[in-house]
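Student: All the letters of the sequence shown, read from the start, carry residue numbers 515 to 794 under my numbering.
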Amino acid sequence: MKDFAELQTMFKSAVPNSESMMETGSGDENPTLERKDASEADVAVAATDVAAATDAVADKVEREERDVAICTQELGGPEPEQCSNLLQDDDGAVLPEVLVKHPLQYVWTLWYLENDRTKTWEDMQNEITSFDTVEDFWNLYNHIKPPSEIKMGSDYSLFKKGIRPMWEDAANHNGGRWVIGLNKILKDDLDKLWMDVLLCLIGEVFDRYDEICGAVVNIRGKSNKISIWTANGDNKEAVLEIGHKLRDALRLGPQNLLQYQLHKDAMTKQGSNVKTTFTL
515 MKDFAELQTM FKSAVPNSES MMETGSGDEN PTLERKDASE ADVAVAATDV
565 AAATDAVADK VEREERDVAI CTQELGGPEP EQCSNLLQDD DGAVLPEVLV
615 KHPLQYVWTL WYLENDRTKT WEDMQNEITS FDTVEDFWNL YNHIKPPSEI
665 KMGSDYSLFK KGIRPMWEDA ANHNGGRWVI GLNKILKDDL DKLWMDVLLC
715 LIGEVFDRYD EICGAVVNIR GKSNKISIWT ANGDNKEAVL EIGHKLRDAL
765 RLGPQNLLQY QLHKDAMTKQ GSNVKTTFTL
């Protein structure tokens, strides 16, 4: 994971502190960090704090889930909530409730590419963090800027853990992407569409999840772009099924073309245009 201190432009304020990032719930409508300006010392230790908090929360969740399982077994199968009054924290105090999170089908990783002409394209890719529950997704999403507010030339990418957002990755090499034509779109519409794409990815919308790799939003001067990457461009049935499901789920209008492009064609393109394999 890269140092958050180097990536201040993607967060809603300078750097998320560990406490606010891990404990803000999905019900926060307008989450903000308590401090708008972090000192250099705060920035330097932020990444370490976040990593430590992540490990601490994971350990706590594991202990509580284990205790709930034991309690449920010993009491003959009550609901987890009925066991909450029997569970204690590390200080011996009774826990008011059991922390129950909603697991996702896959573990997902957020990537951020920040435009920097002094670096190679691969070095500009920053692996931010991974999550595998609904609550952790919202905790992360509520602390980062929407696509319309990040630097020009930058990208957000959300991919299954272990898959890098690049053509060269083995999981992507033989695949392609459904590209959503945005043309001139309002900032709020761009942000809402990106959120809907993320919810499609993590929300089990697709039947062929084995073919889904991830999604990317590119922020560019002439035209922004959102794309959903699939694993096998030769699997016509799966590609078209995903495309139709995507168009329906996002409620795309006729002005929004949905075009499928193979990565191998993008890698060998002449000029700025990439050959389109399917159009919906």
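Backbone N, C-alpha and C fix where the C-beta goes; we use that ideal spot for every residue, glycine too.
Measure the alpha-carbon distance for Asn-686 versus Val-614 and round it to whole angstroms.
Tutor: 34 angstroms
Student: Starting from Gln-711, follow the beta strand (DSSP E) in both directions and report where the run begins and ends.
Tutor: A small fix is needed here, since residue 711 is Val in this sequence, not Gln. Note, Val-711: premise wrong, no beta strand (DSSP E); alpha helix (DSSP H) at 701–716.
Student: Specify the secondary structure class of Leu-624 as computed by DSSP and reduced to three states.
Tutor: If DSSP states are grouped into helix, strand and coil, Leu-624 belongs with the strands.
Student: Pull up the DSSP beta-bridge partners for Asn-738, would you.
Tutor: Answer is none; Asn-738 lacks a bridge partner.
Student: State whether the stretch 716–724 contacts the stretch 619–639, with contact taken as three or more CB pairs (one from each stretch) at a distance under 8 angstroms.
Tutor: yes
Student: Is Ser-737 closer than 8 angstroms to Asn-697 when the C-beta atoms are compared?
Tutor: Going by C-beta atoms, Asn-697 is nearer than 8 angstroms to Ser-737.
Student: Taking the straight line between their C-alpha atoms, what separation do you get for Asn-749 and Gln-775?
Tutor: 13 angstroms
Student: Taking all protein chains shown into account, decide if Asp-702 is buried (16 or more other Cβ within 10 angstroms of its Cβ) or exposed.
Tutor: Exposure of Asp-702 is indicated by the presence of fewer than 16 other C-beta atoms within 10 angstroms of its C-beta.
Student: Determine the direct distance from the alpha carbon of Leu-704 to that of Cys-727, and round the result to whole angstroms.
Tutor: For Cys-727 and Leu-704, the distance between alpha carbons rounds to 21 angstroms.
Student: Have a look at Phe-673 and Ala-729 and give me their C-alpha separation to the nearest angstrom.
Tutor: Going from the Cα of Phe-673 to the Cα of Ala-729 covers about 6 angstroms.
Student: Taking just the CA atoms, how far does Lys-675 sit from Arg-761?
Tutor: 25 angstroms
Student: If distances are taken between C-alpha atoms only, which option among Ala-684, Ile-740, Leu-712 and Trp-635 comes closest to Arg-691?
Tutor: Ile-740
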